[in-house]
Amino acid sequence: MAGIIIGDVHGHFEGLMSLLTLAASPADKLYFLGDLIDRGPQSKQVIDFVKDGGHACLLGNHEAMALGALLGDANSYLNWLRNGGTQTLKEYGGITEGLNAFTANLDWLQSLPLYLDLGDLLLVHAGLMPGLPLEEQTAEECCWIRDEFLSSKKPLFLGEKTIIVGHTITFLLKTENGSQVPVGNLAQGPNWYDLETGVYHSKSGWLTALNWETQTVYQVNVLTDEARVRRLVDSATPVRLS
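Here it is, written out as structure tokens:
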């Protein structure tokens with residue numbers, strides 16, 4: 162698969178531009194794992210870049226909350242505001258006016274897939290429920306799942322595919338010896354990698370992209386302006402499974 166896979170951006174447009182300068186050429190196809198929005202200062206710019214550029218993007222849990230809010234679900238709206246949506250709506254003009262302006266993204270949000278099957282790779286925002294056929298996985302699993310997926314000892318798809326996810330910050334996971342995954346490292350399971358390295362988190366600041374074809378990891382840090390390029394094998398830490 163030729164292309165660049167980008168982890169959760171969370172409104173960090175300037176960091177994204179720096180990352181793409183480091184990782185991508187104009188000919189590369191871009192795949193976003195979802196959670197483009199919230200927590201960071203430039204969600205509108207990130208959405209406009211991805212939407213107007215026609216780049217591939219998955220539905221993340223933050224987009225799912227925003228979509229629910231636009232469709233009139235009160236719980237989704239409140240959850241969104243509590244989890245970074247307030248910052249995003251301010252970019253669109255405020256809580257009330259911003260929600261009206263954000264409606265311009267409704268069709269785009271509704272078009273976002275839960276997963277992308279790229280042959281040897283499967284991209285999904287959060288993960289999959291083990292034992293559930295792919296076609297039966299819902300937004301609840303694809304956008305929100307954590308423990309059931311991350312702790313499963315059995316490779317999904319019996320090793321036929323590698324799954325690339327975001328959603329769960331990697332340094333919050335434990336390694337095989339019980340220590341934390343090093344800040345900025347990817348997390349690795351039986352046949353999956355987690356690219357959510359915590360760009361918005363004060364302990365991290367790392368935004369991550371992966372070129373699967375070359376097995377190369379590209380990262381920029383929005384807190385320190387550091388940039389680095391490493392081999393995937395040197396960037397991923399195996400996690401403890403239950």
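The opening position of the sequence shown corresponds to residue 162 in this note's numbering, with each subsequent residue numbered one higher. Each residue gets a CB set at the ideal place from its N, CA and C atoms; glycine is no exception. These figures come from a predicted structure and were not determined experimentally.
Residue burial is scored here from C-beta neighbours: F318 has fewer than 16 other C-beta atoms within 10 angstroms and is therefore classed as exposed.
With fewer than 16 other Cβ atoms inside 10 Å of its own Cβ, Q341 counts as exposed. When DSSP states are grouped into helix, strand and coil, R243 belongs to the helix group.
Rounded to whole angstroms, the gap between the alpha carbons of Y361 and K190 is 25 Å. With respect to the C-alpha of G288, the residue from L279, T257, D281 and Q298 having the closest C-alpha is Q298. Check the Cα spacing between D213 and each of L260, Q248 and D268: the tightest is with D268. By DSSP's assignment, N222 forms no beta bridge with any residue. Annotation: the continuous beta strand (DSSP E) that includes W353 extends over W353 to D355. Counting every other CB atom within 10 Å of its CB across the protein chains shown gives Q349 a total of 16 or more, marking it as buried.
Shown here for P343: same chain residues with a beta carbon closer than 8 Å to its own, the five before and five after excluded, namely F332 and T398 in chain order.
Following the DSSP letters along the chain, one finds A184 inside the alpha helix (DSSP H) bounded by residues F174 to A184.
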